[in-house]
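A short write-up of the structure that comes next.
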Amino acid sequence: MSIKVAIVTGSRAEYGLLNPLIKRLKSDVFFETHLVVTGMHLSQKHGYTKDRILEDGIEISCEIDMNQSGDTPNDICKAIAEGLNGFSEHFSQNNYDVLIVLGDRFELWSACMAAVMHRIPIAHIHGGEATAGAIDEVIRHSITKMAALHFPSIKEYANRIVQMGERIDRVFTVGALGIENIISIEKMPIKELNDFTGVNFAKEEIALMTYHPVTTDDYHQAGEQINEILEALMETNLKTLVTMPNADAGGNIVYEAILKYADKWPQKFVFIKNMGQKAYISAMNCARLMIGNSSSGIIEAAWFKLPVVNIGDRQAGRYRTKNIIDCTCKKEDILRSIDIAMSLDFKEYLKDIENPYGDGKTAERIASVLKSINFNDKETLLKKEFKTLK
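Here it is in structure tokens:
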């Protein structure tokens, strides 16, 4: 008897991480795997990345359009409500044994709240992490409390989940799926990467940039923050390859600023809405440094010994490797951090860096755990264990 699994994805980055797990489960007859697509995947503005999934040969079982029309807090609340309605309708027609979600995007709130009400156990990947500068912190921990099974990437995050009151026998440290992608995906030859991105990694100093709005800050601060970063980069000898910001509150402000600079100074900025996992990993392999506030700088970049200028506090609280240079979102501080990242001394400093996020076998570990769970015993699986302080 197979396990009926629903995997939800709402963004290009999240799908890229989930890809090896989707393929692992779909290749195993023990699992009846359904991919449910929502959020930015169905947005033309964000590259309509549903097409990337189909290009990978992965069947989409259901699309749930959250109809996000803007990036204000009210727009996002409306999208969450739309998503909750859509997921509830879908779950009422499909009796899943388990719902798998990764991370902390607001789209997942809709899916998880509906799953709780429909008594579908939730398996949560990348729980226990901390991002003090993003509302994702609240979303992630609330999903942890809704989830029955937990797959953190490292021991420190597993400990935090247990500290939150979750049962230790339901917490499985499995590593990060992003490392599995790095190991398994063949990197693009540099000529192919140059042609794809429109920059010359062989002859130019390339910074790979992803900057998302800091969602715990006031909505209107996003414009000031992105302009500080872009103005700092104008004063360097770097050419910056910029990827799409998330559809968070303030995301449109960041997006419009990037478009303006890329249009006015194409010799300094190249903007690509959707690079795809292969090109993004290849760019990390060849870039001079990363800049912005993406979790990929925290988790994956150390594998390449790649310096990361991490701006602001969106990623505050996550475990740091020594390639991370934290700085404020002020032009002078950003420039000082870039100088450090590009120095020969820092390059030498990173020669012996180790990545703590796993060995590339995360999908197999998750599949093995899922096979060991009795999903017929929902009464036990859905109940939380309450402890009192002594």
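Take 1031 as the starting number for the sequence shown in my numbering and just add one per residue. For each residue, glycine too, the CB sits at the ideal point set by N, CA and C.
Could you have a look at residue i and say whether DSSP puts it in helix, strand or coil?
i	result
H1180	strand
I1165	coil
T1270	strand
A1160	coil
L1419	Summary for L1419: the model assigns pLDDT 48, below 50, so the residue's position carries little reliability; its value from the coordinates is reported in the next sentence. Coil.
K1413	coil
M1143	helix
K1034	strand
I1152	strand
V1244	coil
I1191	helix
I1130	strand
A1252	helix
R1042	helix
For residue i, which residues in the same chain have their Cβ closer than 7 Å to its Cβ, ignoring the five residues on either side in sequence?
i	result
M1143	L1114
L1132	E1044, L1047, L1048, I1155 and H1156
K1420	Confidence at K1420 is low in this model, with a pLDDT of 47, below 50, so the placement of that residue should be treated as unreliable; the coordinate-derived value is given next. Closer than 7 Å at the Cβ level, and outside the excluded window around K1420, lies no residue.
E1112	M1096 and N1097
I1088	I1052 and L1065
E1265	L1365
S1032	V1059, F1060, F1061 and E1062
N1267	E1235
R1348	E1159, A1160, T1161 and I1328
K1401	F1060
K1361	E1258, E1261 and A1262
In whole angstroms, give me the CA-to-CA distance for residue i and residue j.
i	j	result
I1028	F1136	The chain is shown only over 1031 to 1420; residue 1028 falls outside these bounds and no answer can be derived.
S1312	K1335	14 Å
Q1345	S1324	8 Å
K1233	C1316	11 Å
T1227	D1293	16 Å
H1391	D1363	Correcting the residue identity first, residue 1391 is Lys in this sequence and not His. Spanning the two alpha carbons is a distance of roughly 38 Å.
T1240	I1355	15 Å
R1318	F1301	17 Å
V1204	N1189	13 Å
S1002	A1145	Because the chain here runs from 1031 to 1420, residue 1002 falls outside it and cannot be looked at.
G1388	F1117	32 Å
E1235	P1050	31 Å
E1261	K1377	25 Å
R1042	E1330	16 Å
G1134	G1158	The residue you asked about is not Gly; residue 1134 is Asp in the sequence shown. For D1134 and G1158, the distance between alpha carbons rounds to 11 Å.
G1069	N1124	20 Å
L1223	E1210	21 Å
A1109	D1166	16 Å
T1079	Q1193	37 Å
K1290	W1139	33 Å
A1153	L1374	44 Å
Taking the alpha-carbon of residue i as reference, which of the options has the nearest alpha-carbon?
i	options	result
V1339	V1059, M1372 and P1386	M1372
G1208	A1332, H1148 and V1300	A1332
E1085	F1405, G1306, D1375 and D1389	G1306
R1395	F1181, Q1193 and I1354	F1181
N1385	A1109, M1274, Q1297 and N1353	N1353
K1408	R1149, L1238 and N1224	R1149
K1381	P1337, A1397 and E1415	P1337
C1092	M1147, T1351, G1040 and L1055	G1040
K1185	F1202, A1177, S1073 and E1415	F1202
A1252	E1222, Y1285 and T1351	Y1285
A1287	W1139, H1242 and M1320	H1242
I1220	I1191, G1195, I1213 and N1230	N1230
T1273	S1183, F1299 and P1103	F1299
G1195	L1374, A1178, A1206 and N1211	A1178
S1073	N1276, M1147, I1403 and C1357	N1276
I1403	D1369, D1105, I1191 and R1200	R1200
E1415	H1171, K1175, I1106 and M1147	K1175
Using a Cβ-Cβ cutoff of less than 6 Å, which residues in the same chain neighbour residue i once the five nearest sequence positions on both sides are dropped?
i	result
V1038	V1066, V1131 and A1141
N1282	D1101
C1359	Q1255, E1258, I1341 and G1342
L1263	T1270
Y1187	G1158 and E1159
R1054	A1393 and A1397
Examine chain C for any beta-carbon lying closer than 7 Å to the beta-carbon of residue i, and answer yes or no.
i	result
V1035	Of the chains in the structure shown, none is chain C; there is only one protein chain.
Near residue i, what residues of its chain come up, given a Cβ to Cβ distance below 8 Å and the 5 sequence neighbours on each side ignored?
i	result
M1218	F1226, K1308, A1309 and S1312
F1405	I1033, D1127, V1128, P1151 and L1411
Y1379	K1352
Continuous alpha helix (DSSP H) assignments of at least 4 residues falling wholly in the stretch 1058-1103: 1080-1085
Runs of beta strand (DSSP E) wholly within the stretch 1299-1379 (minimum 3 residues, chain order): 1299-1302, 1319-1322, 1338-1341 and 1354-1357
Completely contained alpha helix (DSSP H) runs for the stretch 1201-1237, where each covers 4 or more residues: 1207-1214 and 1220-1227
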